[in-house]
Each structure stands twice: as C-alpha cells, then as structure tokens.
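Heads up: the structure comes next, in structure tokens.
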Amino acid sequence: MSELGRWLIGAGLAIALLGALLLLAGRLPWLGHLPGDLRFSRGGVTCIMPLATSLLLSIILTVVLNLLVHLLKR
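The sequence shown begins at 1 in my numbering and counts up one residue at a time.
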C-alpha cells in the first residue's frame, strides 16, 4: 500500500510541475513562433505545425531527464 502512495505522490508532483510549465509557457512570446514553425492560413482555417519549437523542447527535456537519471542513480 505504501508503494501505491509513493506512486500517487509522484504522479501528483508530475502533474503540478506540468501545470507550472504550461503557465510559464504562456508567458514566453517566442514559444511557438520560432523560425521553422510552420503556419498555414486559408479562409477561416489556420493550421500550425511548431516543428522548431518541438525540436527545442525535445532537446531540453532530453537533457533534463538525462541529468535527473544520472543524479538519481548515485
């Protein structure tokens, strides 16, 4: 039962961290408007493909997660 409690606390912390990151992302005006982010508009329809933003976030998350794994293995 204590292992389930640890999992729930970890999931809650992860959700809180994700919420904080989403709030912070709304305050970064360049996020989603980088060179390489594609935006197509026709009539009343807009299609946005944030390729450069996705690549940047992927690199940042990879570095952060690798550092966490490295620090937790010690």
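Beta carbons are placed, not taken as given, at the ideal position from N, Cα and C, and that holds for glycine.
Contact check, residue i vs residue j, beta carbons under 7 Å
i, j, result
"Thr53", "Leu34", "yes"
"Arg42", "Ile48", "no"
"Pro29", "Asp37", "no"
Cα-Cα separation between residue i and residue j, rounded to whole angstroms
i, j, result
"Leu31", "Leu57", "10 Å"
"Leu24", "Met1", "35 Å"
"Leu21", "Leu68", "17 Å"
"Ala11", "Ile59", "23 Å"
"Leu18", "Glu3", "22 Å"
"Thr46", "Ile15", "30 Å"
"Leu65", "Gly44", "40 Å"
"Arg6", "Leu13", "11 Å"
"Leu72", "Gly26", "30 Å"
Beta-bridge partners of residue i, as assigned by DSSP
i, result
"Leu38", "Met49"
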